[in-house]
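Protein chains: 2
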Amino acid sequence: MTKKRSVRLDDVATAAGVHTSTVSRVLNNEADHRVSAETRERVLSAAKELNYHPNAMARGLRTSRTHTLGIAVPQLDNPVFAQIIIGATAAAHSRGYDLLVSLVEDVSGESGVYERLAHNNRVDGLMVSTLEKDEVLVETLKRASVPYVIVNRKIRGVVNCVAYDSFAAAKESTEYLLSLGHRRIGHLAGRLTGYNGTKRLAGYYAALNAAGIESDPQMVAEAGYTLEGGVRAVRSLLACKPRPTALLAATVLSAAGALKALYAAGIIVPDDMSVMSIHDVQIAEMLHPPLTTMRLPLQEMGRVATLGLVDLIEGKATVVSKLMRPEGLLIRASTAPPNKL
Amino acid sequence: MTKKRSVRLDDVATAAGVHTSTVSRVLNNEADHRVSAETRERVLSAAKELNYHPNAMARGLRTSRTHTLGIAVPQLDNPVFAQIIIGATAAAHSRGYDLLVSLVEDVSGESGVYERLAHNNRVDGLMVSTLEKDEVLVETLKRASVPYVIVNRKIRGVVNCVAYDSFAAAKESTEYLLSLGHRRIGHLAGRLTGYNGTKRLAGYYAALNAAGIESDPQMVAEAGYTLEGGVRAVRSLLACKPRPTALLAATVLSAAGALKALYAAGIIVPDDMSVMSIHDVQIAEMLHPPLTTMRLPLQEMGRVATLGLVDLIEGKATVVSKLMRPEGLLIRASTAPPNKL
DNA sequence: CCCATTTGAGCAATCGTTTGCGCAAATTCA
DNA sequence: TGAATTTGCGCAAACGATTGCTCAAATGGG
């Protein structure tokens, strides 16, 4: 509260009886420490004594490094992004960086975010996890003045991407449903204009084909990544005859919507229909019945992207590219063999 | 990618044929605009032409203002905090600030966060929503060098607090259960060492007393703010005889745990037992049965706290203190009159 | 027409660090 | 012992903006 003048390098220098430059070198542990042990000691204790903290602005101005990372996400109330951010903050802190979270809700409108963060030298690097169309994003990032990495998708023309192997995740999920004996499997797809949505759809088809099952476009409904989307998609799938006996949702929120809609339609899960989804988050175990999921390393992805970005910034790497493998099934009560009629 | 030198005030000045100071004044719209309309025009177009963006560091160093706010939360995977942050980001952006999110998980250990953010002049102000004991927090904040506001609780000795009227929320919730005809109402309390936990407990008691019902400590179990806590608490409450016919959970996650545990115990909701909770978040409608809730203005709280903090920073206010009223019941399918045996 | 006032814009100091360079003292080597 | 290094530290110039002053030119009043 009190507007006490903060203690500067100067103050420490005076207290230790040396020049500011010496203090700076000591405190920054310069590579070739051309400072006597005794002086070093004196400086360190003076700094501690005065409770010195370097001024981030001044330092930033001089070194043009902010020790801050930015991350742009489209939503925060989606546990998937929350988890990614959790992983990212932890990793950032572990490397001495802070994390600036930017919510970029409106896909098209927001022209300012990248500018605000990157252009003003507010951040040393940027993680981007928004939902723009590839071309738009590429175009915007072309103007970025700091290193960046795309999180949660892959983009043609951008080398630094950390994404899930969504194809494998969907394929393995579908294989599990097949192994239970299901033959008519529906898919609540993600956004079919985006990376994850299309990859998951492809993985789903691949598993069906490999099992010699002819894929039926009627069994696929785009649900996006929301509860409501799941509700709508299930309604449309229920119109098919014969009905599917199992559903694979591209994400947990749409699966939740599916459960809701199925319940409303009087269809019992898993007796009448199995449901599973990609992404294991806490919600899965709160649903009724608890949801079988394919686990993807969410926090880990935030971590990997962050560490990679820091390496990029610090020149320890020139490329950050990783496809994260699914971590396996978590079988709960929402899946079972199909009902023999 | 290319390390293009960024365009400075100097460049704009040269382009416009004036001095940097003039450019600065134009761009900042100085109060008494002692600049001719023509010059102003020239400067503005030059700035746009060159795509000039002020260097945040340099400006910050000079003005000792970062236009960044910090918010410290204990968890991100709790939708309650996610919503608060959503409200806060929007409000911050609307006033031209960015938001630095800090996850302070370990209550006791983390000594560094406040220092890192506030002391280094990384932020102009701080919102604190962590779970430390009051005394610890007060002690830490005493050393803060920037304005701050406590979010989601009230603390003796700190004037700038934005919190819920948790007492009213719990009281009104309990009254609803009473109005349905319930007489034996259990409470899944929050943390009984904290503000919200105790206030909600008090509100619950108050409603019971007002209805002439003797309160029974056995009907209260501390569940905290997690799924597991809810599960455990319900198990202990089920041991009471006679059993409660309704439960009020202090938060939605513990309510989810309650539903899970009740299902496991073969108790039907709401037929055999009603369940409701404070805090309406999307999870509530995904649960089975959909959960009756007392709505509290989550995003709004983030907004109010942020705007207040900015006012504090900009000297437009000296106090930020608000108790936010509940927004009313959202009646879903988890509550009903008690079963007449 | 002359002096007082206002207007418009430049000068230069400053914010707190970092860092290339210089220079004395201390050390090494022959 | 004298020259060549090495060691330890200070000097002062950046970094890019903001802002109190200064001062000439333009304006106004009598």
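If you read the protein sequences in the order shown, they are chains U and X.
Sequential numbering of the first sequence, starting at 1, is according to the numbering used here.
Sequential numbering of the second sequence, starting at 1001, is according to the numbering used here.
Heads up, the beta-carbon is just placed ideally off N, CA and C, and yes, glycines get one too.
Computed from a predicted model, the values in this text were never measured in an experiment.
| Item | Value |
| --- | --- |
| Any C-beta of chain U under 8 Å from that of residue 1048 (chain X) | no |
| Residue 303 (chain U) and residue 88 (chain U) closer than 8 Å at C-beta | yes |
| Under 7 Å from the C-beta of residue 1095 (chain X): neighbouring residues of chain U | Those within 7 Å of residue 1095 (chain X) in chain U number zero; the least Cβ separation is about 13 Å. |
| C-beta contact flag for residue 283 (chain U) and residue 1286 (chain X) at 8 Å | yes |
| Assumed close pair residue 146 (chain U), residue 160 (chain U) - CB separation to whole angstroms, cut-off 8 Å | Actually they do not touch by this definition, with Cβ atoms about 12 Å apart. |
| Residue 1263 (chain X) at chain U interface by Cβ criterion, 8 Å | yes |
| Residue 181 (chain U) at chain X interface by Cβ criterion, 8 Å | no |
| Burial state of residue 260 (chain U), where buried means 16 or more other Cβ atoms lie within 10 Å | buried |
| Extent of the continuous beta strand (DSSP E) run through residue 144 (chain U) | Element bounds for residue 144 (chain U): n/a, residue is neither H nor E. |
| C-beta atoms of residue 46 (chain U) and residue 15 (chain U) nearer than 8 Å | yes |
| Residue 102 (chain U) versus residue 226 (chain U): straight-line alpha-carbon distance, rounded | 20 Å |
| Identified DSSP bridge partners for residue 1124 (chain X) | Paired residues: none, contrary to the question. |
| Members of the segment 1208-1242 of chain X near chain U, C-beta cut-off 7 Å | 1227 |
| Whether residue 131 (chain U) touches residue 74 (chain U) by CB criterion (8 Å) | yes |
| Neighbour list for residue 260 (chain U) in chain X, Cβ cutoff strictly below 9 Å | 1285, 1286, 1288, 1290 |
| Alpha helix (DSSP H) segment containing residue 30 (chain U), residue limits | Counting along the chain, residue 30 (chain U) falls outside any alpha helix (DSSP H), and DSSP gives it neither H nor E. |
| Close beta carbons around residue 1240 (chain X), own chain, < 6 Å, minus the five adjacent residues each side | 1218 |
| N- and C-terminal bounds of the beta strand (DSSP E) containing residue 295 (chain U) | 292-295 |
| Residue-level contact to chain U via CB, residue 1098 (chain X), 8 Å cutoff | yes |
| Residues of the segment 185-197 of chain U whose Cβ lies closer than 9 Å to any Cβ of chain X, in chain order | none |
| Cα-Cα separation, residue 72 (chain U) to residue 1029 (chain X) | 30 Å |
| Continuous alpha helix (DSSP H) stretch holding residue 1333 (chain X): start and end | Here residue 1333 (chain X) belongs to no alpha helix (DSSP H), and DSSP marks it neither H nor E. |
| Beta-carbon spacing of residue 1166 (chain X), residue 1199 (chain X) below 8 Å | yes |
| Contacts around residue 6 (chain U), its chain only, beta-carbon distance under 8 Å, and the 5 residues preceding and following it disregarded | 53, 55 |
| Distance CB(residue 1320 (chain X))-CB(residue 1162 (chain X)) smaller than 8 Å | yes |
| Inter-residue Cα distance where the pair is residue 1133 (chain X) and residue 77 (chain U) | 28 Å |
| Which of helix, strand or coil DSSP assigns to residue 223 (chain U) | coil |
| Residues that residue 121 (chain U) contacts on chain X, provided the C-beta gap is smaller than 8 Å | 1006, 1055, 1056, 1057 |
| Contact belief for residue 201 (chain U) with residue 220 (chain U) at Cβ below 8 Å, rounded distance in angstroms | 7 Å |
| Interface flag, residue 155 (chain U) vs chain X, CB-CB below 8 Å | no |
| Residue 60 (chain U) at chain X interface by Cβ criterion, 8 Å | yes |
| Residue 107 (chain U) at chain X interface by Cβ criterion, 8 Å | Residue placement at residue 107 (chain U) is poorly supported in this model, since its pLDDT is 49, which falls under 50; the coordinates still yield a value, given next. With 8 Å as the cut-off, residue 107 (chain U) does not count as an interface residue toward chain X. |
| Contacting residues, own chain, Cβ-Cβ under 8 Å from residue 296 (chain U) (five flanking each side not counted) | 164, 169, 278, 279, 280, 324, 326, 327 |
| Chain-ordered neighbours of residue 79 (chain U) on chain X, where CB pairs are closer than 9 Å | 1077, 1079, 1082 |
| Limits of the alpha helix (DSSP H) - the one that residue 1093 (chain X) falls within | 1079-1094 |
| is_contact[residue 1150 (chain X), chain U] using C-beta, thresh 8 Å | no |
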